[in-house]
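First up is the structure itself, then whatever we jot down about it.
Residue numbers (our numbering): -16 to 252.
Take a look at the structure:
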């Protein structure tokens, strides 16, 4: 038996296991691929007989599969010598399965987006009412379901930042940064929260880390300058304002920052 036919035999043999694991799509693909090999490979009589038996047996298993029956209410039939007809039928079945999978994925995505939007809206209401612990419970429950959603963590953090609950915001930002360690946006938000808490040295470290990935971002230098202004580090504020202006000469806010910092340097009192 040729290597190609051995591959076809292996694909058919693996179908039962794939069905047991709920991998219907992969099982039908395996049968489809095996049939393709059988049709394009010359077979001697005992090979024809072997594959005919194998196909009959695997179709019996496939037709009994509950998930397959939902998608294909008509039994798949096969007689020796009708491999091409079976292959054509399987192509149609695959299209139906793929279409169903797309529809299910779209429906699931829509349901997930709705659930996240509802959690954010409810948490926002609780924050507005000053019920910070209750809001955190709502958000934490949402993250149990969508724990891998970095954007959701960042959105939750922004809500706590707006509510001036900086410690809590940092918790969610730290989770988001763990998911996406190179995110300049998240580093910037962490630094901003730390600045609001007067933890200037920590904020400075995050800005420096962010600049490793975005050294040409004038807004990042400007934000760093705001931290130095709050920290009363006038020379450093002037330096980063100058850097922002080199990158964006018409950056009015950076120019105002530079003017303010220079005045403080010239007249510290």
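Beta carbons: idealized from backbone N, C-alpha and C, even for Gly. The structure displayed is predicted, hence computed values, not measured ones.
Its Cα nearest to that of residue 70, the residue 21 stands out among 165, 103, 21. DSSP places residue 0 inside the alpha helix (DSSP H), whose first and last residues are -2 to 3. As for any alpha helix (DSSP H) of minimum length 4 sitting wholly inside the segment 146 to 225, the runs are 149 to 162, 167 to 179, 183 to 196, 201 to 214, ordered along the chain.
Here residue -15 carries a coil assignment [DSSP, helix/strand/coil]. In this structure, residue 176 and residue 190 do not form a Cβ contact; the two beta carbons are roughly 12 Å apart against a cut-off of 8 Å. For the 9 Å CB-CB criterion, residue 74 and residue 37 do not form a contact. Residue 124 sits in a helix when the DSSP states are folded into three classes. By the Cβ neighbour-count rule, residue 47 is exposed, with fewer than 16 other Cβ atoms within 10 Å of its own. Residue 59 sits in coil when the DSSP states are folded into three classes, being neither helix nor strand. Within a 10 Å sphere around the beta-carbon of residue 181 sit fewer than 16 other beta-carbons, which makes this residue exposed.
Secondary structure note for residue 233: it is in no alpha helix (DSSP H), with a DSSP letter that is neither H nor E. Cα atoms of residue 147 and residue 111: separation of roughly 11 Å, rounded to the nearest angstrom. Using a 10 angstroms sphere on the CB of residue 201, the tally of other CB atoms reaches 16 or more, which defines it as buried.
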